[in-house]
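Working notes for the structure below.
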Amino acid sequence: MGWAVERDADSTTRLTHSGVLPTYYAEALILPGTGTGVVALFNSYHALAPYYAIVAGVAAIVQGRAPAARIPFAVIEVSLGCLTVLVLATRIRRLARSRSWAAGRRGVPAWRLLAGLLRLLVPAGLLVALPNVVATFTGRVYSRHQRVRPCRACTDCWVSRR
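Letter by letter, the sequence shown follows residues 775 to 936 in my numbering.
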């Protein structure tokens, strides 16, 4: 049924299970040795949100322990921002050199240029086919509304000690 058995460094057994839809997420954690179980339901889904860390933190607090330290979300945001700036700088450089690139392609047959352009259309075709591909491999069929609904911010149920 999708349950995973995990063992921590201190030999604690954990049973975990999660469920995801484009707009919802659920995470369950059972600690058989302590009789503790935590289930968290979120009304949104975000690929970078640390859902398991939230559930593990709640379980630690219920057991009287401090939750484990986690990477601040700002680190991920800054890393993605730097990557975006790097990609933009690379694209601007390529755009500035486009005249010399075009001059080097003057004697190339038209069919080779067309083949190069078709190569750029492959990702667009995959994007159009993505809903059908997902439905085929996951067995889940999403409505158009679910596919285009914007991802809201993760429902915050952060547990922190002050």
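Glycine residues also receive a C-beta, built at the ideal position from the N, C-alpha and C atoms.
What you are looking at is a predicted structure, and each value in this text was computed from that prediction instead of being measured.
> What does DSSP give as the partner residues of residue 798 in its beta bridges?
Replying inline: For the purposes of this step, residue 798 is taken as the residue at position 24 of the sequence shown. Note: residue 798 is bridge-paired with 795 in the DSSP secondary-structure output.
>> Tell me the rounded alpha-carbon separation between residue 931 and residue 860.
In response: Against the sequence shown, residue 931 aligns to sequence position 157. Against the sequence shown, residue 860 aligns to sequence position 86. For residue 931, the predicted model reports a pLDDT of 37, less than 50, meaning its position is unreliable and no value from the coordinates is stated.
> DSSP three-state call for residue 882: helix, strand or coil?
Replying inline: Within the sequence shown, numbered from 1, the residue matching residue 882 stands at position 108. Three-state DSSP puts residue 882 in coil, outside helix and strand.
>> Quick check on this structure: which residue in 808, 809 and 791 has the alpha carbon closest to the alpha carbon of residue 940?
In response: Any property of residue 940 remains undetermined from this structure, which presents the chain solely from 775 to 936.
> Roughly how many angstroms separate the alpha carbons of residue 1008 and residue 889, rounded to a whole number?
Replying inline: Residue 1008 is absent from the model: the chain starts at 775 and stops at 936.
>> Less than 8 Å between the C-beta atoms of residue 834 and residue 842, yes or no?
In response: Taking the first residue of the sequence shown as 1, we reach residue 834 at position 60. Taking the first residue of the sequence shown as 1, we reach residue 842 at position 68. Cβ distance < 8 Å, so residue 834 and residue 842 count as in contact.
> When you compare only the Cα positions, how much space is there between residue 845 and residue 825?
Replying inline: Taking the sequence shown and counting its residues from 1, the one referred to as residue 845 is at position 71. Taking the sequence shown and counting its residues from 1, the one referred to as residue 825 is at position 51. Spanning the two alpha carbons is a distance of roughly 13 Å.
> Is DSSP giving residue 937 helix, strand or coil here?
Replying inline: The displayed coordinates of the chain run from 775 to 936. Any statement about residue 937 would go beyond what the structure contains.
> Going straight from the alpha carbon of residue 806 to that of residue 787, what length do you get?
Replying inline: By 1-based counting over the sequence shown, the position of residue 806 is 32. By 1-based counting over the sequence shown, the position of residue 787 is 13. Rounded to whole angstroms, residue 806 to residue 787 spans 7 Å at the Cα level.
> What's the gap between the Cα of residue 907 and the Cα of residue 898?
Replying inline: Reading the sequence shown from its first residue, position 133 is the one you call residue 907. Reading the sequence shown from its first residue, position 124 is the one you call residue 898. Going from the Cα of residue 907 to the Cα of residue 898 covers about 14 Å.
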